[in-house]
Amino acid sequence: MSLDTVHISFRRVTELKRLVRKCFTCKKRTRHVGEFEDWSGWTIRCCACGDSWQQTMDGWWLTPRPFERGWRKRAVAKAQELWRKAGETKAAEAEARP
Ligand SMILES: [Zn+2]
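Rendered as structure tokens:
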């Protein structure tokens with residue numbers, strides 16, 4: 060277990076939802092999963108490239124990418140896992156607002 064895994068376990072996600080929107084990285088419409096957290100608000104992850112963005116007052120900011128080999132593969136797997144999880148709670152695929 061790495062330290063960042065421990066850190067993530069402290070985050071409190073209160074809402075999870077599926078989005079289909081244009082990815083800033085992929086430059087096309089892809090599946091995203093959105094997580095709402097008490098302290099930081101919305102974070103969206105692309106299920107195709109693994110990048111994630113945080114919602115700020117100025118728009119969406121790319122979450123810093125870890126300096127690790129293979130992080131993208133793990134990030135994609137995590138996004139897909141969350142996508143499946145989101146499907147269990149909400150059946151409808153919502154169109155993204157942002
Ligand atoms: Zn993407």
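So the sequence shown is numbered by the numbering used here: it starts at 60 and just counts up by one. By construction, the Cβ of each residue, glycine as well, lies at the ideal position given by its N, Cα and C atoms. Just so it is clear, the structure is predicted and the values come from calculations on it, not from any experiment.
- In this structure, ligand 1 has no non-hydrogen atom nearer than 7 Å to the beta-carbon of T122.
- The secondary-structure analysis by DSSP pairs C105 across a beta bridge with H91.
- Counting C-beta atoms within 10 angstroms of its own C-beta, T102 has 16 or more neighbours from the protein chains shown and is therefore classed as buried.
- The set of residues with CB atoms less than 6 Å from any heavy atom of ligand 1 reads, in chain order, C82, T84, C85, T89, C105, A107, C108, D110.
- Its Cα nearest to that of L141, the residue S111 stands out among S111, G118, W119.
- Within the DSSP bridge table, the entry for L75 names E94 as partners.
- Looking at the backbone, the Cα of V92 and that of G109 are separated by about 10 Å.
- Within the same chain, K87, R88 come within 7 Å of K81 by CB-CB distance, once the 5 residues on both sides are set aside.
- For K144, the CB contacts under 7 Å within the same chain, skipping 5 residues up- and downstream, are L75 in chain order.
- Counting along the chain, the unbroken beta strand (DSSP E) around T115 starts and ends at 111 to 115.
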